[in-house]
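There are 2 protein chains.
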Amino acid sequence: MIDPWGSSIVDYDKLVNQFGIKDFSELLGKIEDPARLMKRGVIFGHRDFDKLVPLINGKKDFGVMTGMMPSGQMHIGHKMVIDQLKWYFEKGASLSLSIADMESYAARGISFEKAKEIAINEYLANYIALGLDLTADNVNVYLQSQNKTLNDLTFKIAKRVNFNNMQAIYGFNASTNIAHLYVPLVQVADILLPQTEEFGGPKQVVVPVGVDQDPHLRLTRDIAAKLNEEYGFLAPASTYHRFLTGLTGDKMSSSKPNTAIYLNE
Amino acid sequence: MIDPWGSSIVDYDKLVNQFGIKDFSELLGKIEDPARLMKRGVIFGHRDFDKLVPLINGKKDFGVMTGMMPSGQMHIGHKMVIDQLKWYFEKGASLSLSIADMESYAARGISFEKAKEIAINEYLANYIALGLDLTADNVNVYLQSQNKTLNDLTFKIAKRVNFNNMQAIYGFNASTNIAHLYVPLVQVADILLPQTEEFGGPKQVVVPVGVDQDPHLRLTRDIAAKLNEEYGFLAPASTYHRFLTGLTGDKMSSSKPNTAIYLNE
Numbered sequence: 010m011i012d013p014w015g016s017s018i019v020d021y022d023k024l025v026n027q028f029g030i031k032d033f034s035e036l037l038g039k040i041e042d043p044a045r046l047m048k049r050g051v052i053f054g055h056r057d058f059d060k061l062v063p064l065i066n067g068k069k070d071f072g073v074m075t076g077m078m079p080s081g082q083m084h085i086g087h088k089m090v091i092d093q094l095k096w097y098f099e100k101g102a103s104l105s106l107s108i109a110d111m112e113s114y115a116a117r118g119i120s121f122e123k124a125k126e127i128a129i130n131e132y133l134a135n136y137i138a139l140g141l142d143l144t145a146d147n148v149n150v151y152l153q154s155q156n157k158t159l160n161d162l163t164f165k166i167a168k169r170v171n172f173n174n175m176q177a178i179y180g181f182n183a184s185t186n187i188a189h190l191y192v193p194l195v196q197v198a199d200i201l202l203p204q205t206e207e208f209g210g211p212k213q214v215v216v217p218v219g220v221d222q223d224p225h226l227r228l229t230r231d232i233a234a235k236l237n238e239e240y241g242f243l244a245p246a247s248t249y250h251r252f253l254t255g256l257t258g259d260k261m262s263s264s265k266p267n268t269a270i271y272l273n274e
Numbered sequence: 010m011i012d013p014w015g016s017s018i019v020d021y022d023k024l025v026n027q028f029g030i031k032d033f034s035e036l037l038g039k040i041e042d043p044a045r046l047m048k049r050g051v052i053f054g055h056r057d058f059d060k061l062v063p064l065i066n067g068k069k070d071f072g073v074m075t076g077m078m079p080s081g082q083m084h085i086g087h088k089m090v091i092d093q094l095k096w097y098f099e100k101g102a103s104l105s106l107s108i109a110d111m112e113s114y115a116a117r118g119i120s121f122e123k124a125k126e127i128a129i130n131e132y133l134a135n136y137i138a139l140g141l142d143l144t145a146d147n148v149n150v151y152l153q154s155q156n157k158t159l160n161d162l163t164f165k166i167a168k169r170v171n172f173n174n175m176q177a178i179y180g181f182n183a184s185t186n187i188a189h190l191y192v193p194l195v196q197v198a199d200i201l202l203p204q205t206e207e208f209g210g211p212k213q214v215v216v217p218v219g220v221d222q223d224p225h226l227r228l229t230r231d232i233a234a235k236l237n238e239e240y241g242f243l244a245p246a247s248t249y250h251r252f253l254t255g256l257t258g259d260k261m262s263s264s265k266p267n268t269a270i271y272l273n274e
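Protein chains in written order, with this note's numbering: chain A, 10 to 274; chain B, 10 to 274.
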């Protein structure tokens, strides 16, 4: 089991073999002008990225989605995601950027007000400083707690999932609080949001993540299939990058200052 | 265990003895001009109603809260609640009326659009026809799914409750869907909403219910205590009325046509 809230070191080969993540290097030759992190093998795995390749090469309509949990300062691990977003953006992707204030409340007890402040002053400021144009027409930045479409979709998703499912995917137990149990479903809705009517309906979306986020992708792919008839959702594609090993030898984490090199240092 | 979604017959004495519900008849002499259903003993039990009595007698500020799940036609069982609301309204209460579209989606799969239509054409129309002035300043009618304050409060509540709690109170199991698990917390938020800043802050609120709804009250009283420090919430009071025995001998239920006498018959 992979724990998205943990901070441990990963055996990448095992992930590729056991969890159905495919080897990214096999696709590399098919991508015109691949991103630097692809060429260097930092992006080591994917799901369904082969469906994105013709869209990227042909500058066709597709989406890229990412989320940020505003829980501390940004570190150079975050820069890997931003570099990828910039590359997709240059390839013509529309960009959906979720500020995960519901997650930071459920997981860290950070108020919505505080999360918004951290997101604007720390995260969005760095995104802009690193060259991502967040004011472009095809960019949607939003706070989870403020997005009505997202919350309605989350509740619909919640009807298709039970405690057994959440236990199997995330290792939750009966003493997990209900907000923590609910918030992965908000993240599933985050990933599917770019395919809702409000954003032009079903399309291919890719989610570049660290491999610790794969449980969300597996759950989302399952939910997309269940909601396909009603919404026409396509399964989201994903890529997986290696973690920067933190200064302590563990995963670099915003909320553990001794593991991280912060972007403002 | 009492099942709010079941339709079975109740031993009222046992409820008064075992679940901490107090005998209403002991308060009857203290209430000036009591409601007809109080005098007739249809309202048989209460929690903390003694705290309401001086406010009612003195025409002081207090609230009354009720919810309606738009799942079918209204029947004469609903009229008992409306009669009580009218009485409280005459006594100067402010009224909070939740249209439980999130509940009807989670429990019956009714879409928000359909729920709104049923609520307006069937329920609210009957409330008005039976003499309740829903346009008055001190009346707040809302759809759960459309109320941002309610949904934020629900999520905060969800952080204070775990699966064990929900299992103990409602008998949920691991195959209960997450929307069904979440929606009682929306109802807790419904009950506490009249005490939020938006509605003037903490005050005494009474919830007149059938005894099958008592699990929501017990959970809400527990949550009110947990959120007291942050919000100043007072424990809600409640009254319990006997069910009309349905035409089949079971509880009268909107969604079981053969048990009910509908208001438009």
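Ideal Cβ positions, reconstructed from N, Cα and C, are used throughout, including at glycine.
These numbers come from a predicted model, not from an experiment.
Residue state for B:Ile-137 is assigned as helix, using DSSP reduced to three classes. With the rule of 3 Cβ pairs closer than 8 Å, the stretch 215-234 of chain A counts as touching the stretch 242-254 of chain A. Non-local beta-carbon contacts of B:Gln-176 in its own chain, meaning distances under 8 Å to residues more than five positions away in sequence, involve Asn-182 in chain order. Listed in chain order, the non-local C-beta contacts of B:Ile-178 below 6 Å within the same chain comprise Pro-224 and Leu-228, local neighbours out to five positions each way being set aside. Looking from the CA of A:Asn-171, the closest CA among A:Asp-231, A:Gly-67 and A:Lys-31 belongs to A:Asp-231. Here A:Ile-166 has Leu-194, Val-197, Ala-198 and Ile-232 as same chain residues with Cβ atoms under 7 Å from its own Cβ, once five neighbours each way along the sequence are excluded. Collapsing the DSSP output to three states places B:Ile-40 in coil.
Taking B:Leu-64 as the centre and dropping the five residues before and after it, the same chain places the C-beta of Asp-70, Phe-71 and Gln-213 closer than 8 Å to its C-beta, in chain order. Scanning A:Leu-243, A:Leu-162, A:Asn-186 and A:Ser-154 for the CA closest to the CA of B:Asn-173 turns up A:Asn-186.
Distance from the CA atom of B:Pro-217 to the CA atom of B:Pro-203, rounded to whole angstroms, is 15 Å.
Within 10 angstroms of the beta-carbon of B:Ile-200 lie 16 or more other beta-carbons, which makes it buried. Annotation: the continuous beta strand (DSSP E) that includes A:Ser-103 extends over 103-108. Residue pairing from DSSP places B:Ala-246 in a beta bridge opposite B:Val-215.
Remark: C-beta atoms of B:Phe-164 and A:Ala-102 do not approach each other more closely than 9 Å. One alpha carbon belongs to B:Glu-207, the other to B:Lys-235, and they sit about 20 Å apart. Scanning the stretch 142-222 of chain B from its first residue to its last, the whole beta strand (DSSP E) runs of 3-plus residues come out as 148-152 and 214-219.
In the structure shown, B:Ile-119 adopts coil according to DSSP, grouped into three states. Our two residues, B:Leu-106 and A:Leu-37, have alpha carbons roughly 59 Å apart in a direct line.
B:Glu-112 is positioned such that its CB atom lies closer than 9 Å to that of B:Met-78. For B:Val-73, the enclosing beta strand (DSSP E) covers residues 72-77. Assigned with DSSP and collapsed to three states, A:Ile-30 falls in coil, not helix or strand. The Cβ atoms of A:Ile-91 and A:Arg-56 do not sit closer than 9 Å to each other. Within its own chain, the residues whose Cβ lies closer than 6 Å to the Cβ of A:Asp-110, once the five positions on either side in sequence are excluded, are Phe-121, Ala-124, Leu-152, Gln-153 and Ser-154, listed in chain order. A:Val-62 and A:Met-89 do not touch by the CB rule: their CB atoms are close to 21 Å apart, not below 8 Å.
Straight through space, the alpha carbons of A:Ile-119 and B:Pro-211 are spaced by roughly 24 Å. Annotation: A:Ile-52 is outside any alpha helix (DSSP H); the continuous beta strand (DSSP E) that includes it extends over 52-56.
For B:Glu-131, no alpha helix (DSSP H) run applies, since DSSP gives it neither H nor E.
Within 8 Å of the CB of B:Ser-154, the CB atoms of chain A belong to Asp-161 and Phe-164, in sequence order along the chain. From the beta-carbon of A:Ala-115, the residues of chain B found nearer than 9 Å are Phe-164, Ala-167 and Lys-168. Distances from the alpha-carbon of B:Ser-34 to those of B:Val-148, B:Asp-142, B:Lys-23 and B:Asp-59 put B:Asp-59 closest. Put simply, of B:Ile-127, B:Lys-168 and B:Glu-99 the residue whose alpha carbon is nearest the alpha carbon of B:Val-148 is B:Glu-99. Under the Cβ distance rule, A:Ser-184 counts among the residues neighbouring chain B, one pair being separated by less than 9 Å. For A:Val-25 against A:Gly-54, the beta-carbon gap comes to about 5 Å, under 8 Å, which counts as contact. Chain-ordered, the chain A residues with CB closer than 7 Å to the CB of B:Ala-188 read Phe-164, Ala-167 and Lys-168. Nearest CB-CB separation between A:Tyr-191 and chain B: below the 9 Å threshold. Counting along the chain, the unbroken alpha helix (DSSP H) around B:Leu-46 starts and ends at 45-48.
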